[in-house]
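Please read the structure below before turning to the comments.
Numbering (the working numbering), first residue to last: 12 to 679.
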């Protein structure tokens, strides 16, 4: 019995290892894994837990065989064969259930064939499980009828029933119950809800068509900033700009997965915690943004951070573990994959909401709750697209829209949760996207036509995010603020044309709660006056605000929009490393000068954008002045002529101040 269970468990693990340990990625990565005791310990623990589950399945098969023998004593000579038969039947039930409940599972392909032979309304796993349960019940009834119970048989039956009951309860019970309402303190609650990769156009005219009705309704009832950008279209640098009020070039946070020891910042969570706030951070994805309690949050609700998260997100795709993935047992056994969007095969958006419900506990302090929903991030997959609205295999744009639809439902559940917990009283809620998403559509870049690309002489990447400063779809973001019962702040004031950047959020919050920052400590500008009723007021008369954005390290497949997880892992393995002490994945700082040398930078004005693109010639940059409406783009070989185009001149000067020493001379 135990041997058969171990063989099945080892076979499933071996399948996943073969998928991950390709010749392209295994060498460098496995060497680093071996050097990290933290990562090795987590992988060994994972393997031990999986094997224990399969042994448990074997024990259940043995119990079933004992019931069979109690009903048919003449079958004693087949007792070992009975264990194997029951093990095969239970394993088949598990496999069919996995294929039906988790259609993206790679280990469910063999059983999906059988599943597809039955009507959709009657899954094969349900049929087979019902038959197996009926067989067990029949054995019990038969034994009772003939009054041939023995003490051992009764014990076996009782424990079998208990095991089935516990499994059913665990499968359907929530992770935890929610708490009651807490007191509302004098200072307002502050809630940030980040939604990964959402293009701002999806909230508005597209929202009216049904893609994002909940987000659109929130935007209509709050203050929406139509011209909002991020200074770097990657999650971690964008969140750091949000929390610190500093641009990446000033804070030094210019890539995902920066080594924690090199990130020396004071965050909004630090400041609010010192002022008596309860601070909490929650997200369903930590592979590229390692925010933990060291950033001022007293509590974090996230998957376990580290290289094990990268590996187990794919490795933990086994029929038996998948069935436990969204239960309290799965949360306890597999913290790397519970409520983790990186484990796309089993990720259920509702499970993250359950984690949030269980973890948010009110007390008499005001709350600063920051959360990030990451489902719209590539590869745009989750447990199941129940409505089958989009074909997610033909076009990535359709898959992206499907993920936005599902995230909108998740956002609605989050808002309901906040309402139930009394967190929408005396509260400011800021909903934003950390960056946009390029889908390789014609309007996704400012240099749209082939002849314009040829005339400016630079490549324009229109896929993903953080790959090109000329792709406005990547750095334009959603930004909406809504007040719930805060004195002096209008609940709703429509759409504002005032240009903002994500680093404006921290100074705005400090302004609203009455905390004065140190002079020169923030780059952002408070838009609290707009929330207090300044309407669509622009900057001071005669002031032209210049905002900035820059690209980040991008693999070739990411820039070209042809990425898959294996290629990204293979291409990125040379740039990132596993910290042997913490087990965290970090960018290699010894390559920092090389990474900066290929970085694009841009200054953004009201109507134009000036980009500096590294040229093939060392020490040179191609400067491109583009209309933000996509109407024109031209190459500059030097500073704009004074007095001819004041905006272009201001952009040139601002770009060289912001990135002093990093820009090359104009390429001819």
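Think of the CB as a built atom: it goes at the ideal place given N, C-alpha and C, for glycine as much as any other residue.
Here the structure is a predicted model, which means the values were calculated and not measured.
Of all the options the options, which has the alpha carbon lying nearest to the alpha carbon of residue i?
i: residue 623; options: 641, 358, 469; result: 469
i: residue 521; options: 610, 282, 585, 350; result: 282
i: residue 95; options: 70, 53, 511, 114; result: 70
i: residue 344; options: 530, 63, 264; result: 63
i: residue 61; options: 332, 360, 564; result: 332
i: residue 339; options: 366, 328, 353; result: 366
i: residue 453; options: 471, 437, 359, 565; result: 471
i: residue 395; options: 476, 360, 498; result: 360
i: residue 436; options: 81, 200, 48; result: 200
i: residue 534; options: 556, 524, 418, 544; result: 556
i: residue 483; options: 672, 621, 529, 602; result: 621
i: residue 510; options: 596, 586, 618; result: 618
i: residue 389; options: 508, 474, 481; result: 474
i: residue 660; options: 650, 668, 554; result: 650
i: residue 52; options: 355, 319, 507; result: 319
i: residue 434; options: 385, 368, 383, 419; result: 368
i: residue 330; options: 103, 567, 97; result: 103
i: residue 526; options: 287, 634, 50, 273; result: 287
In the DSSP output, what is residue i paired with across the bridge?
i: residue 408; result: In DSSP, residue 408 forms no bridge with anything.
i: residue 382; result: 204, 293
i: residue 490; result: 443
i: residue 645; result: 636
i: residue 676; result: 631
i: residue 239; result: 511
i: residue 474; result: 450
i: residue 438; result: 200, 495
Which first and last residues belong to the alpha helix (DSSP H) in which residue i is found?
i: residue 60; result: 48-82
i: residue 224; result: 224-232
i: residue 332; result: 330-335
i: residue 506; result: Premise fails: residue 506 lies in the beta strand (DSSP E), 505-507, not in any alpha helix (DSSP H).
i: residue 339; result: 339-344
i: residue 667; result: 657-669
i: residue 246; result: 246-255
i: residue 110; result: 90-112
i: residue 325; result: 318-326
i: residue 361; result: 360-370
i: residue 603; result: 603-608
i: residue 570; result: 567-570
i: residue 260; result: 259-262
i: residue 521; result: 516-524
The beta strand (DSSP E) spanning residue i covers which residue range?
i: residue 288; result: Note, residue 288: premise wrong, no beta strand (DSSP E); not H, not E.
i: residue 353; result: Taken as a continuous stretch (DSSP letters only), residue 353 belongs to no beta strand (DSSP E), as it is neither H nor E.
i: residue 597; result: 596-598
i: residue 311; result: 310-312
i: residue 561; result: 558-561
i: residue 622; result: 619-625
i: residue 587; result: 587-589
i: residue 612; result: 612-615
My assumption, with CB atoms under 8 Å, is that residue i sits in contact with residue j. Please give the rounded CB distance.
i: residue 614; j: residue 559; result: 6 Å
i: residue 514; j: residue 260; result: With 8 Å as the limit, residue 514 and residue 260 do not qualify as a contact, their Cβ atoms being about 11 Å apart.
i: residue 407; j: residue 450; result: 7 Å
i: residue 647; j: residue 677; result: 7 Å
i: residue 562; j: residue 478; result: 6 Å
i: residue 296; j: residue 353; result: 6 Å
i: residue 76; j: residue 93; result: 4 Å
i: residue 426; j: residue 289; result: Not really, about 20 Å apart at Cβ, beyond 8 Å.
i: residue 492; j: residue 502; result: About 11 Å; that fails the 8 Å criterion.
Does the CB of residue i have a neighbour CB from chain B at under 7 Å?
i: residue 255; result: Protein chains in the displayed structure number just one, and chain B is not present.
*If we count Cβ pairs, one from each stretch, closer than 8 Å, do we get three or more for the stretch 266-282 versus the stretch 291-309?*
Yes, the stretch 266-282 is in contact with the stretch 291-309.
*Can we say the stretch 229-241 touches the stretch 485-500, given the rule of at least three CB pairs closer than 8 Å?*
With the cut-off at 8 Å, the stretch 229-241 and the stretch 485-500 touch.
*Does the stretch 441-449 come within contact of the stretch 243-250, defined as at least 3 CB pairs closer than 8 Å?*
The stretch 441-449 and the stretch 243-250 touch, with no fewer than 3 CB-CB distances between them shorter than 8 Å.
*Could you tell me whether the stretch 423-442 touches the stretch 199-208, using the rule of 3 or more Cβ pairs below 8 Å?*
The stretch 423-442 makes contact with the stretch 199-208, as at least three CB pairs between them are under 8 Å.
*Using 8 Å as the threshold, is the stretch 625-644 in touch with the stretch 77-95, meaning 3 or more CB pairs across them?*
Taking one beta carbon from each stretch, the stretch 625-644 and the stretch 77-95 have fewer than 3 pairs nearer than 8 Å; the two do not touch.
*Does the count of Cβ pairs from the stretch 305-316 and the stretch 40-48 closer than 8 Å reach three?*
With a cut-off of 8 Å, the stretch 40-48 and the stretch 305-316 do not count as touching, because too few Cβ pairs lie within range.
*Is the number of C-beta pairs between the stretch 640-660 and the stretch 580-591 that are closer than 8 Å three or more?*
Counting Cβ pairs under 8 Å, fewer than three are found: no touch.
*asked:* Check whether the stretch 320-337 and the stretch 103-121 touch, using three or more Cβ-Cβ pairs below 8 Å as the test.
replied: The stretch 320-337, when compared against the stretch 103-121, does touch it at the 8 Å Cβ threshold.
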